[in-house]
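Everything below concerns the one structure shown next.
Residue numbers (my numbering): 1039 to 1291.
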């Protein structure tokens, strides 16, 4: 309840600041939040925005799943095996600081203008952020916990399922939540570059046509997409990392 109350208060403050800015500037490019909200309801009920919203949701959702699919085994292998870590760490060190969006033209040339290059770019960006977190989490498993599971004669698969993965999952979810803004930013850039669908395309197209109310409706749609994904990650985290939440609550008490 306290968290919900804080979110409601923060939302009211943002809307109030938006309203005061709109009234102060009195410009067409910054309508009031109420006008933007009415425009959002209009384009949603007419179906104009709905298709773009679902296309963007599909792209970012598949991109996140692909990033997790490749980052989890890579990070675990690097955390388990020092030789693999020594082999791959220099590659991560070189590639991590490079802004991955510069590879968008190359990906577009190779895979065309469909969903594939946009999904690949999102997965590519998130992969490097996730794999570093997973590697460090796998390396940071306390030695006492390793001794306990070894004393039970656990196999490597049992160690993976009952120690390594559960220990790494909270870090993975935190990293995924922190990377969500980056994923949506990459989605927006990819959809404004040689694209004809998605929220990024819709927002840029309405801006070019000076339809600012529809443009802000697209911005609201993108914000709702981000908020929905953030809430979904929290739900998944509370489900698969319940033991971690209980441990955190007991330690705080």
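Yeah, the Cβ is synthetic: ideal placement off N, Cα and C, and Gly gets one too.
Taking the C-alpha atoms as reference points, what is the distance between residue i and residue j?
{"i": "residue 1073", "j": "residue 1255", "result": "9 Å"}
{"i": "residue 1128", "j": "residue 1139", "result": "21 Å"}
{"i": "residue 1070", "j": "residue 1235", "result": "26 Å"}
{"i": "residue 1313", "j": "residue 1205", "result": "With the chain covering 1039 to 1291 only, the question about residue 1313 has no answer from this structure."}
{"i": "residue 1056", "j": "residue 1050", "result": "10 Å"}
{"i": "residue 1245", "j": "residue 1153", "result": "23 Å"}
{"i": "residue 1148", "j": "residue 1232", "result": "14 Å"}
{"i": "residue 1197", "j": "residue 1274", "result": "23 Å"}
{"i": "residue 1095", "j": "residue 1253", "result": "18 Å"}
{"i": "residue 1172", "j": "residue 1083", "result": "42 Å"}
{"i": "residue 1202", "j": "residue 1161", "result": "23 Å"}
{"i": "residue 1045", "j": "residue 1262", "result": "14 Å"}
{"i": "residue 1239", "j": "residue 1105", "result": "23 Å"}
Under three-state DSSP, which class holds residue i?
{"i": "residue 1064", "result": "coil"}
{"i": "residue 1199", "result": "helix"}
{"i": "residue 1216", "result": "helix"}
{"i": "residue 1279", "result": "coil"}
{"i": "residue 1230", "result": "coil"}
{"i": "residue 1242", "result": "helix"}
{"i": "residue 1059", "result": "helix"}
{"i": "residue 1153", "result": "helix"}
{"i": "residue 1259", "result": "helix"}
{"i": "residue 1247", "result": "coil"}
{"i": "residue 1265", "result": "helix"}
{"i": "residue 1235", "result": "coil"}
Compare the Cα-Cα distances from residue i to each of the options and report the closest residue.
{"i": "residue 1279", "options": "1082, 1200, 1183, 1125", "result": "1200"}
{"i": "residue 1264", "options": "1225, 1249, 1210", "result": "1225"}
{"i": "residue 1099", "options": "1110, 1211, 1267, 1068", "result": "1267"}
{"i": "residue 1076", "options": "1258, 1242, 1142, 1089", "result": "1258"}
{"i": "residue 1208", "options": "1181, 1222, 1174", "result": "1174"}
{"i": "residue 1137", "options": "1112, 1167, 1110", "result": "1167"}
{"i": "residue 1087", "options": "1237, 1219, 1155, 1172", "result": "1237"}
{"i": "residue 1218", "options": "1122, 1060, 1270, 1146", "result": "1270"}
{"i": "residue 1130", "options": "1109, 1118, 1145", "result": "1109"}
{"i": "residue 1170", "options": "1242, 1113, 1230, 1066", "result": "1113"}
{"i": "residue 1222", "options": "1272, 1157, 1276", "result": "1157"}
{"i": "residue 1111", "options": "1230, 1276, 1195, 1065", "result": "1195"}
Taking 6 Å as the cut-off, is the beta-carbon of residue i closer than that to any non-hydrogen atom of the ligand ZN?
{"i": "residue 1056", "result": "Ligands displayed in this structure: none; no statement on the ligand ZN is therefore possible."}
4 or more residues per run - each alpha helix (DSSP H) lying fully within the region 1067–1147
1071–1083, 1088–1118, 1120–1133
Pick out the complete alpha helix (DSSP H) segments inside the region 1172–1197, 4 residues or longer, and give them in chain order.
1181–1189, 1194–1197
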